[in-house]
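Engineer:
In my numbering, the protein residues as written are 2 to 191.
#1: Counting along the chain, where does the beta strand (DSSP E) carrying residue 138 start and finish?
#2: By DSSP, does residue 173 sit in helix, in strand, or in coil?
#3: In three-state terms, what does DSSP make of residue 67?
#4: Between which two residues does the alpha helix (DSSP H) carrying residue 75 extend?
#5: Would you kindly check if the distance between the Cβ of residue 113 and the Cβ of residue 161 is under 7 Å?
#6: Please identify the residue among 107, 118 and 69 whose C-alpha is closest to the C-alpha of residue 99.
#7: Quick one, which of 28, 127, 142 and 164 has its alpha-carbon nearest residue 77's?
#8: Under the DSSP definition of a beta bridge, which residues are partnered with residue 190?
#9: Which residue wins for smallest C-alpha separation from residue 71, given the options 189, 188, 190 and 183?
#10: From 117, 108 and 123, pick the residue whose C-alpha is nearest to that of residue 46; which is it?
#11: If you measure between the beta carbons of residue 133 and residue 188, is that distance less than 7 Å?
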């Protein structure tokens with residue numbers, strides 16, 4: 002009798018274990034599926050960016066990168082801001098882009114804008130980082146920002162630097178090449 006009771010308890014424990022294992026497996030399977038879906042979205046977004054950049058590889062768009070603001074004069078006359086393509090600070094990092102404001106009067110202002118990205122929930126906020134940009138001199142700037150709440154709005158960090166029109170036109174051969182401004186982002190540290 003005692004043996005039958007022990008056997009029944011053992012059978013019940015094995016059934017409970019199997020049920021728990023199945024539930025854990027289902028939960029892990031759902032998490033793996035979510036991660037797979039997220040990676041598919043990231044890969045597709047990256048492919049679109051690479052297509053726009055004219056590149057045929059599958060690398061995630063991370064520094065070092067070069068962005069060209071074409072037709073600078075047109076932007077200045079129309080007082081139209083320019084945005085770089087989005088990029089990530091590093092693999093699994095913060096999504097951002099450069100913003101160039103041409104106010105039409107005296108300065109060109111360059112900002113780093115944080116964007117809602119695929120990894121935001123795993124990252125530390127607020128972000129305090131540095132970005133190294135060469136235009137034409139290599140400089141490193143600090144910036145910070147809070148987590149973006151929706152995809153339609155950028156969170157503008159600190160203005161990185163200003164270029165006066167006087168300096169821009171005085172050293173035209175350094176800054177304006179074929180009427181375009183070029184920004185080389187060599188690294189982002191977070």
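Glycine included, every Cβ here is placed at the ideal spot set by N, Cα and C.
Structural biologist: Inspection of the coordinates gives the following:
#1: Premise fails: residue 138 is in no beta strand (DSSP E) and is neither H nor E.
#2: helix
#3: Residue 67 carries a strand assignment under DSSP once its states are collapsed to helix, strand and coil.
#4: 73-79
#5: yes
#6: 69
#7: Here the closest residue by C-alpha is 164.
#8: 131
#9: 183
#10: 117
#11: yes
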